[in-house]
Each structure stands twice: as C-alpha cells, then as structure tokens.
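*Asks:* Please read through the structure below; I'll follow up with questions.
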Amino acid sequence: MMSEPETAIGSERDTGAAPLGLLEGLATTRAIRRYLPDPIPDEDLATILWHAGRAPSGSNRQMFRFVVLRDGPAAPQAKALLGECFRNGWNAKRTGDGYTAGSGADDDSPKARMARTMQHFVDHFEETPVVILACLVRYRRPTPTEGGSVYPAVQNLLLAARALGYGGVITGWHREVEDELRELLGIPDGVAIHATIPLGRPVGRHGPVRRRPLGEVVYEDRWEQVAPWAVDPPGTHFASAGPPPGSPV
Ligand SMILES: Cc1cc2nc3c(=O)[nH]c(=O)nc-3n(C[C@H](O)[C@H](O)[C@H](O)COP(=O)(O)O)c2cc1C
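Taking numbering that gives the first Met the number 0, the leading residue of the sequence shown gets 0, the next gets one more, and so forth.
Now the structure itself:
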C-alpha cells in the first residue's frame, strides 16, 4: 500500500495525447483514490465493462458479475454503508500500520501524504461518481484460487478505465457491511463479493507505478535463485511495503 499518492491533474483525454499503449498502461496505472465530481457517461462505462469482461476465467465460464452503483435508488444507501466501513477500515489500518509513527510524523513524508490521501478518500467516499462491486457467482465450493476468475476482470476494468482517462482502486473494505449490502442490492448468498472498486476522473495523475526490483520477485530454476536477466528498465521507480527481502516466509 505504501507508495506515494497521486499529485497532479492529467489524463490522456484531458491532454489530447496519443492513445495509451498497452505496456505503458500496465506500467502507469496507479491506485487512484481522489476523484473529480464528473459523472462517467454510459458509453464510457459500457466500454470499461466490456473490456473487463474480455478477461480470462476458469473454463471461460465468466461467472464474474459487476454491480454498478451510480445514482440509482439504492446507490446513496449502498455508498453510505460502504463509506462508514471504509472509514472504519482506514482507521484500523492507520493505527495498525503506524501511519502516524516514524517518518509519518513529518508532514512532507510519503507516509504522511499517503495518510492524507487515504483520509480524503474515506471522508469523501459517498461522493465517488461510480462504485462497482465485482462479484463471482459460485458454481462450486469456495477454493483458494476462485479469485483467479474475477481479479483478471477487475484489473482489465482498471486498465480500460485508465485508457479513457479515469482511475480507481481495488478495495476489500466492504466485508464489514456485506450482509447489509446483500440485502439492499439483492445479492444472493451463492454470490461472492470479491472487490469494491470506486471509479472516477482522477484529481491526481497516474504513474509511474513503484514496485520492488524485478530481481526480488523473479527466480530461475530454484526458489530464491537469482535470474541475471531479470533487470528493471532504466528509470524504474521502486517501492515496497512489508518485510524486507530475505525475511522468513
Ligand atoms: C486484493 C487487494 C485489496 C486491496 N484492498 C484495499 C483496501 O481495502 N483499501 C484501499 O484503499 N486499497 C486497497 N488496495 C489497493 C492497494 O493498496 C494498491 O493497489 C497498492 O498499494 C498499489 O498502489 P499503487 O498502484 O498506487 O502503487 C487493495 C489492492 C488489492 C490488490
């Protein structure tokens, strides 16, 4: 989670720049948590969800389903339920992950800026132009890999949104109000809610995405055996959260 928050306005559509290449999109699609109030037109939503639906799934069953919350009758209540548990989720994370401790005490540190972005995100959740629940119709007992039939579609959704000048973020803070959401939106028990994706036109900008050096995540032949060819392109930006490399698994 700890990478720097988005900072300046910009999107392909705003600037009229050339269409975004696939690899550039992959390298620059950030988690976006601040949105302009602009609605997302039907046509753009359809394009985004069509591309989400091009994702692979087990046996091509395509049991992913998307519940789109905009300005329909249930949307304000659903967003209010989610907003409350997003604020609880962030509160717990801020304390648990020590966002105000260490470098977080310095207002200019990436940690403090990230904390401000998160606070703004949860405080304004109800104003998010579009919130999408990514669901999976279960056709067998839950397995550890069932998310593999919904998360590729979720990432496609974010990449398609990015291509049209929108941004969003995968979140899992809906769990606390899952029962209430099911009742409100008529989501049956056999359907898993795997992610909540707020979406809108970014206040900040995307990219570059910061990740661990490639050599830390790619091995050749054996666990932890260095792959000498696994090198990052020049200019790659790095970031990571969690334990340092070499820590016990
Ligand atoms: C499975 C999953 C669950 C996540 N849950 C949350 C969440 O509950 N709240 C949130 O703000 N971000 C959540 N995120 C977003 C991550 O924090 C974010 O993708 C990551 O920090 C990388 O951000 P970046 O692309 O801007 O570097 C989640 C991401 C994934 C893949």
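Cβ coordinates follow ideal geometry from the N, Cα and C atoms, glycine included.
Cβ atoms of N155 and A74: under 7 Å apart, would you say?
*Replies:* Within the sequence shown, the letter at position 75 stands for residue 74. Within the sequence shown, the letter at position 156 stands for residue 155. In this structure, N155 does not lie closer than 7 Å to A74 by Cβ.
*Asks:* Mind checking whether the beta-carbon of R29 lies closer than 6 Å to any heavy atom of ligand 1?
*Replies:* Numbered from its first residue, the sequence shown carries residue 29 at position 30. Correct: R29 has its Cβ closer than 6 Å to ligand 1.
*Asks:* How many Å lie between D105 and H119 at the Cα?
*Replies:* Here residue 105 refers to the residue found at position 106 when the sequence shown is read from its first residue. Here residue 119 refers to the residue found at position 120 when the sequence shown is read from its first residue. Taking the straight line joining both Cα atoms gives about 18 Å.
*Asks:* Contact defined as beta carbons within less than 8 Å: I believe G203 pairs with I31. What is the distance between those atoms, to the nearest angstrom?
*Replies:* Here residue 203 is taken as the residue at index 204 of the sequence shown, counted from 1. Here residue 31 is taken as the residue at index 32 of the sequence shown, counted from 1. With a Cβ gap of about 7 Å, G203 and I31 count as contacting.
*Asks:* With hydrogens ignored, establish whether the beta-carbon of T170 is closer than 6 Å to any heavy atom of ligand 1.
*Replies:* Position 171 of the sequence shown, counted from the start, is the residue given in the question as residue 170. Yes, since a heavy atom of ligand 1 falls inside the 6 Å radius drawn around the Cβ of T170.
*Asks:* Can the beta-carbon of N179 be found less than 7 Å from the beta-carbon of L80?
*Replies:* Numbered from its first residue, the sequence shown carries residue 179 at position 180. Numbered from its first residue, the sequence shown carries residue 80 at position 81. What sits at residue 179 in the sequence shown is Glu, not Asn. Result yes, Cβ atoms of E179 and L80 sit closer than 7 Å.
*Asks:* Can you tell me whether V149 sits near ligand 1, meaning its C-beta is under 6 Å from at least one heavy atom of the ligand?
*Replies:* Position 150 of the sequence shown, counted from the first residue, corresponds to residue 149. No, Cβ of V149 sits at least 6 Å from all heavy atoms of ligand 1.
*Asks:* Taking only runs of the alpha helix (DSSP H) that begin and end inside the segment 154-199, which ones reach a length of at least 4 residues, in chain order?
*Replies:* Complete alpha helix (DSSP H) runs here, min 4: 177-184.
*Asks:* Out of C84, A91, A111 and A160, state which residue places its alpha-carbon closest to the alpha-carbon of H123.
*Replies:* Position 124 of the sequence shown, counting from 1, holds the residue named residue 123. If we check each option's Cα against that of H123, C84 comes out closest.
*Asks:* What residue range does the beta strand (DSSP E) around I131 cover?
*Replies:* Stepping through the sequence shown from its first residue, residue 131 is reached at position 132. Residues V129 to V136.
*Asks:* Specify the secondary structure class of P201 as computed by DSSP and reduced to three states.
*Replies:* Position 202 of the sequence shown, counting from 1, holds the residue named residue 201. Residue state, collapsed to three classes: strand.
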